[in-house]
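Have a look at the structure below before the remarks.
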Amino acid sequence: MIKIILTGLCVVCMFLTGCDSKPETYLAAQIDENEYDPEKWGDAYPLHYESWLKTKEPKPVDKSRYKRGWDTDEVVYDKLSEFPFLGILYKGWGFGIEYNEPRGHFYAVTDQIEIDSSRVASGGVCLACKTPFHRKMIETHGLDYLVAGRKPRF
């Protein structure tokens, strides 16, 4: 019984002391909707920009036993050659065709452009979440650009 009362008191204390009475407010910056230069966005959002720039640099060695490339020698390794069973697991998906060692977000668009174009048919190449030109591409090409070259899956 005492354990239950103490646990209840701890929960009440955490609830009362852990919540701020006044929420923090953040001001959104005004940036032109056609501004694509990351440095300009960095003026408005310096912490995000610094974090993004850090993804350009290789990470320290031996952070994961599953990731060996790019961190030490700046070579992007083919994960399907290293782990051949992944081709079977990802069959029908883009990763079953080409699966390279991941790099930071700084290289996201570059990696998407350089990837094997046969991945498009399986839906493995998706620039929508990687490019600032997403809105402009929808305005120019409509939503069809998202599925161009993909085979329906039913």
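Numbered according to our numbering, the sequence shown spans residues 3 to 156.
In this text, a Cβ means the ideal position worked out from N, Cα and C, and glycines have one as well.
From D146 to D39, what does the alpha carbon distance come to, in whole angstroms? In the sequence shown, counting from the first residue as 1, residue 146 sits at position 144. In the sequence shown, counting from the first residue as 1, residue 39 sits at position 37. If I take the Cα positions, the gap works out to 26 Å.
Quiz prompt | Inter-residue spacing [alpha-carbon to alpha-carbon] between Q114 and D34 | solution = As a first step, residue 114 is located in the sequence shown; it is residue number 112 there, counting from the start. As a first step, residue 34 is located in the sequence shown; it is residue number 32 there, counting from the start. Using only the alpha carbons, I get a separation of about 26 Å.
**Message:** If you reduce the DSSP assignment to three classes, tell me which class D75 lands in.
**Reply:** If you number the sequence shown from 1, residue 75 lands on position 73. Residue state, collapsed to three classes: coil.
query = Of the residues N102, A110, V77, F108, which one's Cα is nearest the Cα of D2?
reply = Outside the shown range of the chain (3 to 156) lies residue 2, about which nothing can therefore be said.
Residue of N36, S53, V77 minimising C-alpha distance to M139
Counted from its first residue, the sequence shown places residue 139 at position 137. Ranking N36, S53, V77 by Cα distance to M139 puts N36 first.
Q: Mind checking who N102 pairs with in its DSSP beta bridge?
A: The residue labelled residue 102 in the question sits at position 100 within the sequence shown. D80.
- Query: If we count the other Cβ atoms within 10 Å of its Cβ and call it buried at 16 or more, is G10 buried or exposed?
  - Reply: For the purposes of this step, residue 10 is taken as residue 8 along the sequence shown, with counting starting at 1. By the 10 Å Cβ count, G10 comes out exposed.
As a quick exercise: from P104, H143, K58, pick the residue whose alpha carbon is nearest that of L82. Taking the first residue of the sequence shown as 1, we reach residue 82 at position 80. Nearest option by C-alpha distance: P104.
What runs of the alpha helix (DSSP H), each 4 residues or longer, lie entirely inside the stretch 10-48? 40-46
Only counting the same chain, and skipping five residues up and downstream in sequence, which positions put a Cβ closer than 6 Å to that of G98? Position 96 of the sequence shown, counted from the first residue, corresponds to residue 98. If we look at G98 and ignore the five residues flanking it on each side, its Cβ neighbours are G89, Y92.
* Asked: If you draw a straight line from the C-alpha of Y47 to the C-alpha of K61, how long is it?
  -> One-based indexing of the sequence shown puts residue 47 at position 45. One-based indexing of the sequence shown puts residue 61 at position 59. Whole-angstrom Cα-Cα distance: 23 Å.
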